[in-house]
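A.B. asks:
Number of protein chains: 2
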Amino acid sequence: MSDRVFLHQTHLTIGDFAGAILRLKKDLLTPGLHLYPELFLTGYPLQDLVLKKPFADSYERHLSELNSWLKSQKNLDAIALVGGLRYSRTAHGVPDKIENVIYEISSQGIRWLYTKRLLPNYDIFDEQKYFKAGSETCLYSYQDKTFGLLICEDMWPSTFHQMDPCLDLKTKVTTESLKLDGIINLSASPFDLQKSEKRLKRASEISQQFGVPFIYVNRVGGEDEILFDGSSFIVHGEKSLLQLSSFKEESESFQLMNLEISTPQYVDPKYEQTWESLFQPRLDTQTSPAKLHHLSTIDCEKLLQALIFGIKEYSRKNGFKKYLVALSGGMDSALVLTLLKLAFRENPEQIEAIYMPSQFSSSLSTKLSEELCQNLNIKLHYFPIKFLHANIKNTFHQTFMEPFAGLTDENVQSRLRGMLLYTRSNQTGAMVLNTSNKSELAVGYSTQYGDSVGALSPLGDLYKSEVYALAAYINHRFNQPIPAEILSRGPSAELRENQLDQDSLPPYERLDAILEGILSYRLGKKELVELGFDENEIAKVLQLYTRSEYKRAQFCPIIKVQSKSFGFGYRIPLSKISTFHFE
Amino acid sequence: MSDRVFLHQTHLTIGDFAGAILRLKKDLLTPGLHLYPELFLTGYPLQDLVLKKPFADSYERHLSELNSWLKSQKNLDAIALVGGLRYSRTAHGVPDKIENVIYEISSQGIRWLYTKRLLPNYDIFDEQKYFKAGSETCLYSYQDKTFGLLICEDMWPSTFHQMDPCLDLKTKVTTESLKLDGIINLSASPFDLQKSEKRLKRASEISQQFGVPFIYVNRVGGEDEILFDGSSFIVHGEKSLLQLSSFKEESESFQLMNLEISTPQYVDPKYEQTWESLFQPRLDTQTSPAKLHHLSTIDCEKLLQALIFGIKEYSRKNGFKKYLVALSGGMDSALVLTLLKLAFRENPEQIEAIYMPSQFSSSLSTKLSEELCQNLNIKLHYFPIKFLHANIKNTFHQTFMEPFAGLTDENVQSRLRGMLLYTRSNQTGAMVLNTSNKSELAVGYSTQYGDSVGALSPLGDLYKSEVYALAAYINHRFNQPIPAEILSRGPSAELRENQLDQDSLPPYERLDAILEGILSYRLGKKELVELGFDENEIAKVLQLYTRSEYKRAQFCPIIKVQSKSFGFGYRIPLSKISTFHFE
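Next comes the structure, spelled out in structure tokens:
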């Protein structure tokens, strides 16, 4: 057996059992120990798929074929540790207890080693809904080395769980005087802006406690709203031994003989997961009123990578080859189009923009939309809605006696655009990118079935001020693709004469900070006042936020880049006492 | 103290702490023991609301005020047992461990008695995400009687949980030779067509095992998609001592002296919850191919009550006073309008229908829409889309070179209607009722942002054949409000010349049965073939079902009436290997 250990941060589609097995068979031709992420064999998160009998049947059929193949391979000089599912069935074959496990794959066949012990069940995680937790520690020996095995959450001591697998591992090693050479963690850990740093710090902490290297293998993939960034690594104490890329399938290896052992040190765990640590509002409370933390250059670069990856993933996995964005002349749509261009640089002809001015659209919006598309080399279609709008208005006047004014007249323009956008999408098969941002979503500053339409939302986890920051970064890095005036003009929906966002909303700097306070679950009216915000402004934001729940409920998947996001991990009833009473 | 026990199946909005306390104070004026449902003080399901610090703060402030008030009431001759939340907080006041409990409310103040032990976490339930389970049995004494306390799921021994609170209660009573007089279960148990019968049977079983009456108090309310039907009862063995109404706030009392005790009997628990029992496909497998079970007259009556209640609840809690339905001349929209009329019988002027024919709408559709509105005495607006449709088509021809045909031309009619419907809704503030059914939703036979729009879906949990059955029942019961021809004509989307559903879909009888097999999580291609379905037809349905996930993801809340429904309890990733490969 070879002395090499391989970290494979694989990138497979959910349910692609055949793809996973093909990959394994290929890798096993290379001698050594091969490590794969959590649930490598099935993908993650599977949600209800995991409960489907046909899903389980197909999975086990593939596993059984793999098992036979393995046993026929006499000369296999490699072993793999892979994440997979372990099913129990009822008498009728219905999936019963399901475990999230590590299998050893070798010429002996498939052997169960370990079951995940800490099943995250907060926010976007529902693992206790689907999986049964394991109760045993596992030490795995390869050649003369012994590794402690963990799966993802197992590395996080937490107030959410009653046990600490790291502590149990430590106890076992100490009481049985075992020699440990490393800890292996197979993960499927979702991306957010702070995540990779947190993982590294915690791994380094564990590494110090045990005095051995920590080997971390994370999957790569975009699953609707959740991104897995890979970013696998080996760390020993504070020393990085290996670091893989983010958002990219990659395999790296190292030699076992280079794994050193150091003296274990007592380290007080600083990275315990608590409700408070997970959803700490990202606010600078030194100023009054408090401010949203600014995005650093590193944050912006990460964001850029994440959003491009998320767009490409959804597009590829759902079979899109063309892309469509409605431009307004404003910041959000300009940034979405720019991200699309960066995602599909090689084929800008796959992207098209459509600009649908109404009587309220300014000539500046037209000019800026044209400039943007020129800069990006993207085809722009000009489709004025003035006449259709007037047409509808007239027909309404003939049919209904109520006035056609105010919100009615504003929303119809937005919905007309949504309708035309999807009609164009029907003609070409293009994927429609949504252009809403997190601030807009939070206060319902959009029209349902109008500008809120789309298959995927790239900006729905960025506050408006973060949209500007990211746009400025992109302009800085890529020779100003976005016309400067788009960044400097005041945001407007242009649905009535001289409309400006700031007429109906607080300035975005304050709005975004208030929203971050509300969405973190922690800050109510009282706390926000203490942070220096105006009571009336808070009340207004809370009211808008509470009243727009129904819009968020029918929204498309949002690419998640923050620890607290709208989407799958955000679950608020629509029918309730207006929550602004107790926010 | 009085010898009377009151069952209050209350009907309060989520978060209405003040309303709950007002109700309590009023009821406590009447001497006796007052019983209230699970989470009476807060409402249920709360989802993430329960985690919000301001929510917890407001709740505890109300509780503390109630506590002071209680202690000031010297002459209180009543006691209440109520469901509520019990919060622990971190040092920063963030909700930490949260328990779903029973409190005793008396002149002594508020006293914790019991914490719910079995936290359901399957399908629509996420209780392990939010609550910490209790570990102790509770016996509660009032006057000379002793009651075992349970909360909802505690009465269901199950393969989902590691313990059985009823068994523990039995063990305690037996080993400590205690005298038990009854079992009290405070519930928030969601409605489905089979549920009330299941509850009664299981309660009767427990009653026999203990030889004491089983007292069951369930909440009333419609929470977006989930309905709580009340239907509280007291049962002793197979004898019903008290039965409250369904979908109606109600209080009933009985005298403690009438509670008799019988000899406990060994009864093998027949009503254990398993994955298989919960999601058994509702198929008659005696015929080949299998058929969906027919709805009985009783089922239809329950459905009618449930849907009317669900519509009224969503409307009231979200502040609607007007209602709007787009009629097509077909079955689904006719049934929705009829349900609306039955829901708001006193004020039919609050309801309006709009009929938006295109060039493909038949004159029969016009005639039937008019007849229906005449029968129901509902105002019908006639809003032809022929010219707008032609207008858009022309503008597209001028702007884009791709043909405007096929799906493009079909969907645009549907989206134009969606847009006009919501424009009308903006004029009057009317709630738009969606008209999709479960078969349509399952195969994606609808246009996103077109006929799929709406605030609430009354028919989204009824297969097409069930829609017909319910319509026939309503016609039988209410003097034929729905024109017979609507029931007898072949279903059509009327988006192109001579289009019939059956041109693109299997006959609904078979389609619905195949879908029930798929959605139950249990039946794949192989099993469906064994049940007598045609392989090609199955493949076609699976393909349509898999490809339409993205439409369901942006759909409105569906009133849940079956054990397995689309909506909150249905969670399938969009990005995945096409599941029809393994279905």
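The listed protein sequences derive, respectively, from chains E and D.
The opening position of the first sequence corresponds to residue -4 in this note's numbering, with each subsequent residue numbered one higher.
The opening position of the second sequence corresponds to residue -4 in this note's numbering, with each subsequent residue numbered one higher.
By construction, the Cβ of each residue, glycine as well, lies at the ideal position given by its N, Cα and C atoms.
For clarity, every value in this text was computed on a predicted model and none was experimentally measured.
1) What is the DSSP secondary structure of D/THR423, reduced to helix, strand or coil?
2) Hey, which unbroken runs of the beta strand (DSSP E) at 3 residues or more fall wholly within the segment 157 to 234 of chain D?
3) May I ask you to report which of helix, strand or coil DSSP gives E/HIS57?
4) Using a Cβ-Cβ cut-off of less than 8 Å, give me the residues of the segment 290 to 324 of chain D that come near chain E, in sequence order.
5) Suppose you measure from the CA of E/LEU145 to the CA of D/PRO152; what does that come to, to the nearest Å?
6) Find the residues of chain D that neighbour E/HIS376, judging by a C-beta separation of less than 8 Å, and give them in chain order.
7) Taking the alpha carbon of E/ASP498 as the reference point, which residue from E/GLU532, E/GLY519, E/LEU518 has its own alpha carbon closest?
8) Determine the extent of the beta strand (DSSP E) in which E/HIS3 is found, giving its start and end residues.
9) Indicate whether at least one CB of chain D lies closer than 7 Å to the CB of E/GLY79.
10) E/GLU489 versus chain D: which residues are under 8 Å apart at the beta carbon?
11) Do E/SER364 and E/GLY325 have their C-beta atoms within less than 7 Å of each other?
12) Is it the case that the Cβ atoms of D/TYR98 and D/ALA51 are separated by a distance below 7 Å?
13) Since D/CYS147 and D/ILE201 are thought to touch, with beta carbons under 8 Å apart, how far apart are those beta carbons, to the nearest angstrom?
14) Count the CB pairs spanning the segment 202 to 221 of chain D and the segment 305 to 324 of chain D that are closer than 8 Å, and state whether there are at least three.
15) Does the segment 182 to 196 of chain D come into contact with the segment 13 to 21 of chain D, if we say contact requires no fewer than three beta-carbon pairs (one atom in each stretch) closer than 8 Å?
16) Quick check: is the beta carbon of D/HIS87 nearer than 7 Å to any beta carbon in chain E?
17) Using the C-alpha atoms, what's the distance from D/LYS521 back to D/LYS535?
18) Return the residue from the list D/LYS374, D/THR423, D/GLU366, D/ALA321 that minimises the CA-CA distance to D/ILE380.
19) According to a CB-to-CB cut-off of less than 9 Å, which residues of the segment 464 to 489 of chain D neighbour chain E?
20) Would you please verify whether the beta carbon of E/TYR516 is less than 7 Å from any beta carbon of chain D?
21) Measuring only between beta-carbons, confirm whether E/ASP219 sits less than 7 Å from chain D.
22) Is the beta carbon of D/LEU302 sitting closer than 7 Å to the one on D/LEU334?
23) Closest to D/PRO264 by CA distance: which of D/ASN370, D/GLN300, D/GLN204 is it?
24) By Cβ distance below 8 Å, which residues in the same chain neighbour D/ARG258 in space, the five residues on each side in sequence not counted?
25) Can you say whether D/ILE481 is buried or exposed, counting buried as having 16 or more other CB atoms within 10 angstroms of its CB?
26) Between the alpha carbons of D/LEU367 and D/TYR458, how many angstroms are there, rounded?
27) CB-CB under 8 Å to E/PHE1, same chain, minus the five flanking residues each way: which ones, in chain order?
28) Using Cβ-Cβ distances below 9 Å, what residues of the segment 545 to 563 of chain D are close to chain E?
29) Do D/TYR417 and D/TYR377 have their C-beta atoms within less than 7 Å of each other?
30) How would you list, in chain order, the residues of chain D whose beta-carbon sits under 9 Å from the beta-carbon of E/PHE391?
31) What does the alpha-carbon distance come out to for the pair E/PRO40 and D/THR394?
32) Look up D/LEU76 in the DSSP assignment and give the residues it is bridged to.
33) Kindly list, in the order they appear in chain D, the residues whose Cβ is closer than 8 Å to that of E/ILE119.
34) Measuring CB to CB, does D/PHE228 end up less than 7 Å from D/GLN238?
35) Under the DSSP definition of a beta bridge, which residues are partnered with D/ALA321?
36) Pull up the CB-CB distance for E/ILE74 and E/TYR137, whole angstroms please, since I reckon it's below 8 Å.
C.D. replies: Considering the structure as presented:
1) Counting from 1 along the second sequence, the entry for residue 423 of chain D is found at position 428. The answer is helix: DSSP assigns D/THR423 an H, G or I state.
2) 177 to 182, 209 to 213, 215 to 218, 221 to 224, 228 to 231
3) Counting from 1 along the first sequence, the entry for residue 57 of chain E is found at position 62. E/HIS57: helix per DSSP, three-state reduction.
4) GLU308, TYR309, LYS312, ASN313
5) Your numbering for residue 145 of chain E matches position 150 in the first sequence. Your numbering for residue 152 of chain D matches position 157 in the second sequence. Answer to the nearest angstrom: the Cα atoms are 33 Å apart.
6) The residue labelled residue 376 of chain E in the question sits at position 381 within the first sequence. Within chain D, the residues near E/HIS376 are THR394, PHE395.
7) Walking along the first sequence from the start, residue 498 of chain E turns up at place 503. That would be E/GLU532, whose Cα lies nearest to the Cα of E/ASP498.
8) Counting from one through the first sequence, the residue named residue 3 of chain E turns up at place 8. -1 to 4 is the span of the beta strand (DSSP E), which, as asked, contains E/HIS3.
9) The residue you call residue 79 of chain E lines up with position 84 of the first sequence. By this cut-off, E/GLY79 is not an interface position.
10) On the first sequence, residue 489 of chain E is found 494 positions in, with the first residue counted as 1. None at all; the shortest Cβ gap to chain D is about 18 Å.
11) Numbered from its first residue, the first sequence carries residue 364 of chain E at position 369. Numbered from its first residue, the first sequence carries residue 325 of chain E at position 330. No, they are not a contact pair.
12) Walking along the second sequence from the start, residue 98 of chain D turns up at place 103. Walking along the second sequence from the start, residue 51 of chain D turns up at place 56. Result no, Cβ atoms of D/TYR98 and D/ALA51 do not sit closer than 7 Å.
13) One-based indexing of the second sequence puts residue 147 of chain D at position 152. One-based indexing of the second sequence puts residue 201 of chain D at position 206. The Cβ separation is near 13 Å, so there is no contact.
14) yes
15) no
16) What you label residue 87 of chain D is simply residue 92 of the second sequence in a count that begins at 1. Yes, because at least one Cβ of chain E sits closer than 7 Å to the Cβ of D/HIS87.
17) The residue given as residue 535 of chain D occupies position 540 in the second sequence. The residue given as residue 521 of chain D occupies position 526 in the second sequence. Near 14 Å, if we compare the C-alpha coordinates of D/LYS521 and D/LYS535.
18) On the second sequence, residue 380 of chain D is found 385 positions in, with the first residue counted as 1. Answer by Cα proximity: D/ALA321.
19) none
20) Taking the first sequence and counting its residues from 1, the one referred to as residue 516 of chain E is at position 521. Cβ-Cβ to chain D under 7 Å: yes for E/TYR516.
21) For this step, residue 219 of chain E is matched to residue 224 along the first sequence. Closer than 7 Å: yes.
22) Here residue 302 of chain D corresponds to residue number 307 of the second sequence, with the count starting at 1. Here residue 334 of chain D corresponds to residue number 339 of the second sequence, with the count starting at 1. In contact: D/LEU302 and D/LEU334 (Cβ atoms closer than 7 Å).
23) Taking the first residue of the second sequence as position 1, residue 264 of chain D is located at position 269. The shortest C-alpha separation from D/PRO264 is found at D/GLN204.
24) As a first step, residue 258 of chain D must be located in the second sequence, where it is residue number 263. Rather than Arg, the amino acid found at residue 258 of chain D in this sequence is Thr. Here the set comprises GLY206.
25) For the purposes of this step, residue 481 of chain D is taken as residue 486 along the second sequence, with counting starting at 1. So D/ILE481 ends up on the buried side.
26) In the second sequence, the residue the question calls residue 367 of chain D occupies position 372. In the second sequence, the residue the question calls residue 458 of chain D occupies position 463. Those two C-alpha atoms are separated by around 22 Å.
27) The count along the first sequence starts at 1 and reaches residue 1 of chain E at position 6. ASP22, THR25, GLY27, LEU28, HIS29, LEU30, SER246, GLU247, SER248.
28) TYR545, ALA548, GLN549, PHE550, CYS551, PRO552, PHE563
29) As a first step, residue 417 of chain D is located in the second sequence; it is residue number 422 there, counting from the start. As a first step, residue 377 of chain D is located in the second sequence; it is residue number 382 there, counting from the start. Not closer than 7 Å, so no.
30) For the purposes of this step, residue 391 of chain E is identified with residue 396 of the first sequence, where counting begins at 1. Ordered by position in chain D, the residues that pass the 9 Å Cβ test against E/PHE391 are PHE378, LEU415, THR418, ARG419, GLN422.
31) Against the first sequence, residue 40 of chain E aligns to sequence position 45. Against the second sequence, residue 394 of chain D aligns to sequence position 399. Going by the C-alpha atoms only, they are around 42 Å apart.
32) For the purposes of this step, residue 76 of chain D is taken as the residue at position 81 of the second sequence. DSSP output for D/LEU76 lists D/LEU30, D/GLU99 as bridge partner(s).
33) On the first sequence, residue 119 of chain E is found 124 positions in, with the first residue counted as 1. Here the premise fails: no neighbours, minimum Cβ distance about 11 Å.
34) Locating residue 228 of chain D in the second sequence gives position 233, counting from the first residue. Locating residue 238 of chain D in the second sequence gives position 243, counting from the first residue. A contact, by the Cβ cut-off of 7 Å.
35) Within the second sequence, residue 321 of chain D is the residue found at index 326, counting from 1. Bridge partners of D/ALA321: D/ILE349.
36) Taking the first residue of the first sequence as 1, we reach residue 74 of chain E at position 79. Taking the first residue of the first sequence as 1, we reach residue 137 of chain E at position 142. Yes, they are in contact, since the Cβ atoms of E/ILE74 and E/TYR137 sit about 7 Å apart, within 8 Å.
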